[in-house]
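Scroll down for the structure; my scribbles are underneath it.
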Amino acid sequence: MASSDTLPENQGIAARVGRSDREIDKYWSSVVMEEPVSDDLKALVRTDLKKAWHFRRDMEFRQNTKTRWATIDNLE
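Each residue of the sequence shown is one higher than the one before, counting from 2 in my numbering.
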């Protein structure tokens, strides 16, 4: 697992990661358990899977939960 110190280096990954229509179709049956699924839902899921928002959300979570260090000398 990558440390939060490497976040700025990895931010470009989110922009490059995406799924092709072929990849989405390949895994569709493993995700959808009930048929038929409306075309609107398929379009929504396909659009969402093409985005890499989950990588950015994970990076922001790691950045927000990073340990903040303070020295005892600063406390009075």
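All residues carry an ideal CB built from backbone N, CA and C; glycine is no exception.
Where Thr48 is concerned, the enclosing alpha helix (DSSP H) starts and stops at 40-51. Residue state for Lys27 is assigned as helix, using DSSP reduced to three classes. Beyond the five residues adjoining it in sequence on each side, Ile25 comes within less than 7 Å, by CB distance, of Arg47, Leu50 in the same chain, given in chain order. Here Thr68 has no same chain residue with a Cβ atom under 8 Å from its own Cβ, once five neighbours each way along the sequence are excluded.
Its Cα nearest to that of Ser21, the residue Lys52 stands out among Lys52, Glu61, Asp41. Look at Glu61 here: in three-state DSSP terms it is helix.
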